[in-house]
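Report on the structure given below.
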Amino acid sequence: MGLLDRLGGELRGQYGPYLGLVYIALAFIALLVVFNPVRLLRKARKPPRHQTVAIIVLGDIGRSPRMMYHAESFAAMGWETYLVGYRGSKLIPSLLEAPHVREIYLREPPAFISKLPKLLFLVWAPYKIFFQVYTVLQTLLGELPYPPEFILVQNPPSIPTLALVQLCCWLHGSKLIIDWHNLGYTILGLRLGKTNPVTWVAKMFEKTFGRSAYAHLFVTHAMREVLVRDWKLQGIKAVLHDRPPAHFHASETTEIHDLFTRLDLTSAGDDFFPPYCAPISTPFTQLKDLSPSSAISPTFGNTTLPQLRPDRPALVVSSTSWTPDEDFAVLLNAMAFYEKRARAANDPSEAGLPKMLVIVTGKGPLREKFMEDIEEVQRLWRWVRCVPMWLEAADYPILLGSADVGVSLHASSSALDLPMKIVDMFGCGLPVCALGFECLPELVKEGENGLVFRTAPELAGQLETLLKGFPQARELKKLREGLARQSSTKAKVGERWNTWAEEWDRIVKPIIIHRAGVQ
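Under our numbering, the first residue of the sequence shown carries the number 1, and numbering increases by one thereafter.
As structure tokens, this is what we get:
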């Protein structure tokens, strides 16, 4: 380690708790210098244009499905919709085809900044905040063709976003909607500690600039109750549960076959799967006129639609963001327990436990470390394989609809939000084993649409119970039937699993219509 690195580490250790205060102060000093009040007032142009909305995501737009769904819903009403955020992952196909949606991408900080010596983090961190301040204000005050009627912002991130949108709404007379996905200061607390002064400052920032808005949307009733009680929120308050879009569904066999002819599963090892030869067969499907032996020596006769193979492994999917509020150690240990249980059976066919392929999707900071840990242990496994994967937006629901069991590792930094990944799984008819926390019962009904675990042995036991006798797994079938009842039009009021469009029209549309005067 070089001298600069050691010195930077010492400075962070000694002054780390107070650096956040310095960064925030510097950012707002820069705000006043570059966007002085006189200049800002000059930017306050004509009144907001009716039936327009700017949706702000201070992150990769393509990895913010809820905000993309908002954009679709506004566009479906014929509103001019501006989706503002960072370029990265591809947007969902339906959004790309929407006629009233325009993407405006924010500029990111120069790449060379990330290559500076660690000692210069004292310069880098406030510069990053300042750069965000500058680019967001430049976009909202200068690049939009006219002030929007509504500004809809995702929280978190809170700093500096909430202050910036409040300022823009004040200047233009736009109406602010805050979509509360989680509490930003609780995520910061995972890294710095709940008692760290910087965490406290972040909480005060979020509370101050998030208190007042035309409307507040919440992902859970628990979040609404806590914030209304503790932060005295002002404005309309409504719970908009995450719901899947209409194109999420259980995959047809043809979709499964097509997907697995394209996916790269070589890292699992050819000896793990039953014999197959794409495109005639895959580890999970084969054409109907093929016998198991012809799966590797295909005869191109009169083929028909593909069918699921009886000798396929069970497919388990865990969709993650690879962030600290997901407990990957639980999944790793649960797979190890399952491997031991499958090996312990003298006659695997009598034990009724299938091989299990675990696909972990998503991108994030902890992915590399997790896969390093997995590779060390699964070399000796015979019954379990874990494969990381990043899918295009169009393939993601097909994978979920192809799986047998979903696993959620989301622990919730605030204990007030719900994992949208479970919502996606339910939309595809996929039962879930979910890590338990306080408000999870708002989404997962134990024994009806999923199971709740808190430890690795519990998760391993649930997987064993659900997959016993696979592919004719009785307990798994019960959960699938529970999900089907939940989606049925005969379900009780309040229990029916609506689509996103139905839920949005029921909750958000009346709020927008009331204020905008839309008939």
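Backbone N, C-alpha and C fix where the C-beta goes; we use that ideal spot for every residue, glycine too.
Practice task
Could you check how far apart the C-beta atoms of P283 and L259 are, in whole angstroms? I think they sit under 8 Å.
Solution key: About 11 Å separates the two Cβ atoms, so there is no contact after all.
Practice task
Out of E108, P147 and P148, state which residue places its alpha-carbon closest to the alpha-carbon of I129.
Solution key: E108
Problem - Pair within 7 Å by beta-carbon distance, V198 and L190 - result: no
Exercise for the section: Could you tell me whether the Cβ atoms of A75 and L83 are closer together than 7 Å? Expected result: no
Exercise for the section: Find the nearest neighbour of L357 within the set F437, V317 and I511, judged by alpha-carbon distance. Expected result: V317
Problem - Whether K237 touches H216 by CB criterion (7 Å) - result: yes
Practice task
Drop a sphere of 10 angstroms on the beta-carbon of G142, count the other beta-carbons inside from all chains shown, and report buried for 16 or more, exposed for fewer.
Solution key: exposed
Practice task
Please say whether G362 and W322 have beta carbons closer to each other than 7 Å?
Solution key: yes
Problem - Touching by the beta-carbon criterion (3+ pairs, under 8 Å), the region 55-69 and the region 323-343 - result: no
Handout entry: Cβ contact (3+ pairs, closer than 8 Å) linking the region 365-374 and the region 141-155
Key = no
Practice task
Just the C-alpha distance for P126 and Q166, rounded to the nearest angstrom, thanks.
Solution key: 21 Å
Handout entry: Beta-carbon gap between V219 and D424 smaller than 7 Å
Key = no
Practice task
Name the two residues that bound the continuous alpha helix (DSSP H) containing I177.
Solution key: Run containing I177: none in the alpha helix (DSSP H); it sits in the beta strand (DSSP E), K175 to W180.
Problem - Opposing strand residues paired with H216 [DSSP bridges] - result: I178 and K237
Exercise for the section: Any chance you could list the beta strand (DSSP E) runs of at least 3 consecutive residues sitting entirely within the region 140-197, in chain order? Expected result: 148-155 and 175-180
Practice task
Return the CA-CA distance between W381 and G447, expressed in angstroms with no decimal places.
Solution key: 30 Å
Handout entry: Whole-Å CB distance - C428 paired with H249, under 8 Å assumed
Key = 6 Å
Exercise for the section: Could you spell out where the alpha helix (DSSP H) holding A222 opens and where it closes? Expected result: H221 to W231
Exercise for the section: For the beta strand (DSSP E) containing A434, list its first residue and its last residue. Expected result: V432 to L435
Exercise for the section: Tell me L83's beta-bridge partners as DSSP assigns them. Expected result: I55 and E103
Practice task
For K509, collect the residues of the same chain with a Cβ closer than 7 Å to its Cβ; drop the 5 residues on either side in sequence, then sort them by chain order.
Solution key: none
Handout entry: Collapsed DSSP secondary structure at L287 in the structure displayed
Key = strand
Practice task
Just mark R431 as buried or exposed, buried being the case when its beta carbon has 16 or more other beta carbons within 10 Å.
Solution key: With the sequence shown as reference, residue 431 is identified as Pro, and Arg is not the correct amino acid for it. So P431 ends up on the buried side.
Handout entry: Cβ neighbour criterion (16 or more within 10 Å) applied to Q51
Key = buried
Handout entry: Beta-carbon contacts of G62 that lie in its chain and below 6 Å, excluding the five residues immediately before and after
Key = G88, S89, K90 and L91
Handout entry: DSSP-derived helix/strand/coil call for M77
Key = coil
Exercise for the section: Note down, in chain order, each residue of its chain lying with its Cβ closer than 6 Å to the Cβ of E206, except the 5 sequence neighbours on either side. Expected result: S158, G184 and Y185
Practice task
Could you tell me the distance, in whole angstroms, from the CA atom of P310 to the CA atom of I256?
Solution key: 14 Å
Exercise for the section: Please check if any C-beta of chain B sits within less than 7 Å of the C-beta of D179. Expected result: Here chain B cannot be found, since the structure has a single protein chain.
Practice task
With V405 as the anchor, note down where its beta strand (DSSP E) starts and where it stops.
Solution key: V405 to S408
Handout entry: Selection from P274, T320, R385 and E475 that minimises the alpha carbon distance to L605
Key = The shown model of the chain, from 1 to 519, leaves out residue 605, and the question about it has no answer.
Handout entry: Where R66 sits in the DSSP three-state scheme
Key = helix
Practice task
Going by CA-CA distance only, name the one from N182, V360 and P147 that's closest to S174.
Solution key: P147
Practice task
Quick one: residues in its chain with C-beta nearer than 6 Å to the C-beta of A415, no 5 flanking neighbours on either side, listed in chain order?
Solution key: F437 and E438
Practice task
Can you check DSSP and say which residues form a bridge with E326?
Solution key: H410
Problem - Status (buried if at least 16 other CB within 10 Å, exposed otherwise) for L443 - result: buried
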